[in-house]
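Novice:
Residue numbers (my numbering): 22 to 722.
1) Would you list, in sequence order, the uninterrupted beta strand (DSSP E) runs of no fewer than 3 residues that lie entirely inside the stretch 391-431?
2) Look up residue 609 in the DSSP assignment and say whether it is helix, strand or coil.
3) What three-state label does DSSP hand residue 652 in the structure shown?
4) Which residue wins for smallest C-alpha separation from residue 569, given the options 484, 713, 361 and 530?
5) Which partner residues of residue 199 appear in the DSSP bridge assignment?
6) Check this for me: beta carbons of residue 585 and residue 475, under 9 Å apart or not?
7) Assuming residue 146 is part of the alpha helix (DSSP H), what are its boundary residues?
8) Rounding to the nearest angstrom, what Cα-Cα distance links residue 721 and residue 699 in this structure?
9) I'd like the ranges of any beta strand (DSSP E) spanning at least 3 consecutive residues and lying wholly in the stretch 298-381.
10) Please state if the CB of residue 398 and the CB of residue 110 are separated by a distance shorter than 9 Å.
11) For the beta strand (DSSP E) containing residue 224, name the first residue and the last one.
12) According to DSSP, which residues form a beta bridge with residue 389?
13) For residue 705, count the other beta carbons within 10 Å of its own beta carbon; 16 or more makes it buried, fewer makes it exposed. Which is it?
14) In terms of DSSP beta bridges, what is residue 30 paired with?
15) Counting Cβ pairs closer than 8 Å, one from the stretch 285-303 and one from the stretch 617-636, do we hit at least three?
16) Determine contact between the stretch 106-123 and the stretch 439-457, defined as no fewer than three beta-carbon pairs at a distance below 8 Å.
17) Would you please state the rounded distance, in angstroms, between the beta carbons of residue 729 and residue 292? I believe it to be under 8 Å.
18) Please classify residue 51: is it buried, with 16 or more other beta-carbons within 10 angstroms of its beta-carbon, or exposed?
19) According to the Cβ coordinates, are residue 342 and residue 80 closer than 9 Å?
20) Of all the options 589, 535 and 404, which has the alpha carbon lying nearest to the alpha carbon of residue 65?
21) Can you round the beta-carbon distance between residue 215 and residue 185 to whole angstroms, since I take them to be within the 8 Å contact cut?
22) Expressed to the nearest angstrom, what Euclidean distance is found between the alpha-carbon atoms of residue 34 and residue 48?
23) What does the Cβ neighbour count give for residue 159, buried or exposed, with the cut at 16 atoms within 10 Å?
24) Since residue 453 sits in a beta bridge, which residues does DSSP pair it with?
25) From the DSSP secondary-structure annotation, give me the bridge partner or partners of residue 155.
26) Whole angstroms are fine: how far does the CA of residue 22 sit from the CA of residue 272?
27) Around the Cβ of residue 302, are there at least 16 other Cβ atoms within 10 angstroms (buried) or fewer (exposed)?
28) With DSSP as the reference, label residue 473 as helix, strand or coil.
29) Is the CB-CB distance between residue 289 and residue 147 below 9 Å?
30) Quick one: residues in its chain with C-beta nearer than 6 Å to the C-beta of residue 630, no 5 flanking neighbours on either side, listed in chain order?
31) Does the beta-carbon of residue 118 have 16 or more other beta-carbons within 10 angstroms, so that it is buried, or is it exposed?
32) Curious, which full-length alpha helix (DSSP H) runs of at least 4 residues does the stretch 90-123 contain?
33) Starting from residue 41, trace the alpha helix (DSSP H) in both directions and tell me its first and last residue.
34) Would you be able to state if there are at least three C-beta pairs under 8 Å between the stretch 248-259 and the stretch 137-154?
35) Please classify residue 593 as buried or exposed, where buried requires at least 16 neighbouring CB atoms within 10 angstroms.
36) Can you name the residues that DSSP bridges to residue 723?
Printed below as a string of structure tokens:
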């Protein structure tokens, strides 16, 4: 892409034009001042970014050598902890403190509910996620397996509809009970008298608005609707406040490898902040247009107007510290750190919201919410804090306008979580556990220690339980209650809502006030869990529990003495290879960073780079320790290439791998992720994916 000079930087022309003609107008920041400020931020922070990455590599080299020297010996928690302290991997705990974050929206600080994560490059998905603040419980129950089975085709099924209504009214009986009788017995909307009158907070021409555990419930009365016409009280739907917040993702769920990709991603973020993002698409042979939903207005019991946001509160997830981008070249000719560019540009774009220049308001508290992933330890968190200071200064923002969400998904962060929170204590609004990336880092950190247990068994390892419990306990001890989110990870099977309803009920019970879901429908169903459990009422008891030991957290899931059969090894390799290929082929050939990928049993699972990191690192680990041979890995990849080809046979854009694996860039990328897995920085997949995707774009553009 052609480059143009700006303040000593070389900037891709498309990106420069986008910033100067679409972003800066209305922000009272002249273009020359912006670029001068951006150049200064890069000059100050790019060298430190490189130094921190070198520290990661040095620590991993020392850990590899330590494990290699002790290979075959049983795990020694005391020796492990002493060694990690000696090399600076573990740091001293800070003195007790409470975070000082201010100007935080209620969706983050004082409410509990679902959170969506959506790839920023797909405008339709982005709009659906932003609008998932409200969802039909009737639709979610009817259209999924939440009731235990799936709807049959051929039109509306009245029997199933009756089951949906019964389930929804049972929910109302629990969440907003009537003073007398059941919602199932209600025959007149004017007869609604609640056991707790304070739960009735508003009404409109066709609806009544209630609140429970901080979340709103809208009961719609419409006797003219086909559903309302058959209901004794004319109830046609129950609408739940669902996805309180959404993370608009520039990272694991997107394939953004060059300036064109980055500019397209930033343009969608600008559309969200201005409120004018729209997307038209074909559905069933007719065009449909998506736009952001307006706010919802009701009349309160005292006659005043109650206005509720029509959309999720939006975070933006920047990339981590590892990758660089060709969108900008520094004065020395090197690519700019991508995370620094994200911090500058996403914050600049969010100023449209702060200045009230959009159709809607995102942050009513006047904050910019950036989730920062893949940070390793408190020094990297402190770097992000200083970077955000510098961005605020360059853009003329008040200190700590930019808030940060810390992803607790790397081992060095988990082991030093209190110190990490302390490093960003005046801007932190979010911590969460992410089993997927955290597992990938666990495997890579202990790569030389020995073979890992089978991938499915990692979920029951001792370190997982310690990790999940320590995250909440440390967050509460650091004062996040009432000021920030404590979150839990993703439900990866969007077609298995009955199972989600059963298993994800546990998340609020941990004291976490949000958890990730894969779709707006899943958000509506997961919202039920926050009515079942009052998260904030549990936290005092949770905070009083003993903190799980650091020793448990630092115990890798090694397969001590395990001797798998040949069939078991082949089964594990096939499972990993199928998931790896199914994701990589879409990433490399089509630039799809997140999608529902059929697993080896043809069950659709949401896959992103975090799941890829686990599969590739697990195979690399078994290969390193002789559990399998290179020939067995190649055989599994070839077998599964044929399976993935068959699973994608209906996709007209799909390029098969099995007929010519040597000519498939996607197959070559998947193979490299395994055979070069031990040498990839912290086991990340981005360097290889980006390299192969750029080659694919060069071949076809």
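A virtual CB, placed ideally from N, CA and C, is assigned to each residue, including glycine.
Since the model is a prediction, treat every value here as computed from it, not as a measurement.
Specialist: On the basis of the coordinates in this document:
1) 423-429
2) Against the chain shown, residue 609 aligns to sequence position 588. Three-state result, residue 609: helix.
3) If you number the chain shown from 1, residue 652 lands on position 631. In this structure, residue 652 counts as helix in the three-state DSSP scheme.
4) Mapped onto the chain shown, residue 569 falls at position 548. Of the candidates 484, 713, 361 and 530, the one whose C-alpha sits nearest the C-alpha of residue 569 is 484.
5) Numbered from 1 along the chain shown, position 178 holds the residue referred to as residue 199. 215.
6) For the purposes of this step, residue 585 is taken as the residue at position 564 of the chain shown. For the purposes of this step, residue 475 is taken as the residue at position 454 of the chain shown. For residue 585 and residue 475, yes; Cβs fall inside 9 Å.
7) For the purposes of this step, residue 146 is taken as residue 125 along the chain shown, with counting starting at 1. 144-151 is the extent of the alpha helix (DSSP H) around residue 146.
8) Translated into positions along the chain shown, residue 721 becomes position 700. Translated into positions along the chain shown, residue 699 becomes position 678. Confidence at residue 721 is low in this model, with a pLDDT of 43, below 50, so its placement is unreliable and no value can be given for it.
9) 299-304, 307-312, 317-320, 326-329, 334-338, 345-350 and 356-358
10) Counted from its first residue, the chain shown places residue 110 at position 89. Counted from its first residue, the chain shown places residue 398 at position 377. It is a contact, given that the beta carbons lie within the stated cut-off.
11) Taking the first residue of the chain shown as 1, we reach residue 224 at position 203. It spans 221-224 - the beta strand (DSSP E) in which residue 224 sits, taken as one unbroken run.
12) Taking the chain shown and counting its residues from 1, the one referred to as residue 389 is at position 368. Bridge partners of residue 389: 423.
13) Residue mapping note: residue 705 aligns to position 684 of the chain shown, counting from 1. Buried, by the Cβ-count rule.
14) Position 9 of the chain shown, counting from 1, holds the residue named residue 30. 27.
15) no
16) yes
17) With the chain covering only 22 through 722, there is no way to say anything about residue 729.
18) Looking up residue 51 in the chain shown gives position 30. Residue 51 should be labelled exposed.
19) Here residue 342 is taken as the residue at index 321 of the chain shown, counted from 1. Here residue 80 is taken as the residue at index 59 of the chain shown, counted from 1. Cβ atoms of residue 342 and residue 80: not closer than 9 Å.
20) Start at 1 with the first residue of the chain shown, and residue 65 comes out as number 44. When only C-alpha atoms are compared, the closest one is 404.
21) Against the chain shown, residue 215 aligns to sequence position 194. Against the chain shown, residue 185 aligns to sequence position 164. With 8 Å as the limit, residue 215 and residue 185 do not qualify as a contact, their Cβ atoms being about 23 Å apart.
22) The sequence position of residue 34 within the chain shown is 13, counting from 1. The sequence position of residue 48 within the chain shown is 27, counting from 1. Residue 34 and residue 48: Cα-Cα distance of roughly 21 Å.
23) Position 138 of the chain shown, counted from the first residue, corresponds to residue 159. Label assigned to residue 159: buried.
24) Here the question's residue 453 lines up with position 432 in the chain shown. For residue 453, which the question treats as bridged, DSSP gives the partners 428 and 508.
25) Translated into the one-based positions of the chain shown, residue 155 becomes position 134. 262.
26) The residue given as residue 272 occupies position 251 in the chain shown. The residue given as residue 22 occupies position 1 in the chain shown. Straight-line Cα distance between these residues: approximately 22 Å.
27) On the chain shown, residue 302 is found 281 positions in, with the first residue counted as 1. Residue 302 is exposed by the Cβ-count criterion.
28) For the purposes of this step, residue 473 is taken as residue 452 along the chain shown, with counting starting at 1. Note: residue 473 maps to strand in three-state DSSP.
29) For the purposes of this step, residue 289 is taken as residue 268 along the chain shown, with counting starting at 1. For the purposes of this step, residue 147 is taken as residue 126 along the chain shown, with counting starting at 1. Cβ distance < 9 Å, so residue 289 and residue 147 count as in contact.
30) On the chain shown, residue 630 is found 609 positions in, with the first residue counted as 1. Same-chain partners within the cutoff: 273 and 706.
31) Within the chain shown, the letter at position 97 stands for residue 118. Per the 10 Å Cβ criterion, exposed.
32) 98-107
33) Here residue 41 corresponds to residue number 20 of the chain shown, with the count starting at 1. Note, residue 41: premise wrong, no alpha helix (DSSP H); not H, not E.
34) no
35) To locate residue 593, count along the chain shown from 1; it is residue 572. Buried, since its Cβ has 16 or more Cβ neighbours within 10 Å.
36) With the chain covering 22 to 722 only, the question about residue 723 has no answer from this structure.
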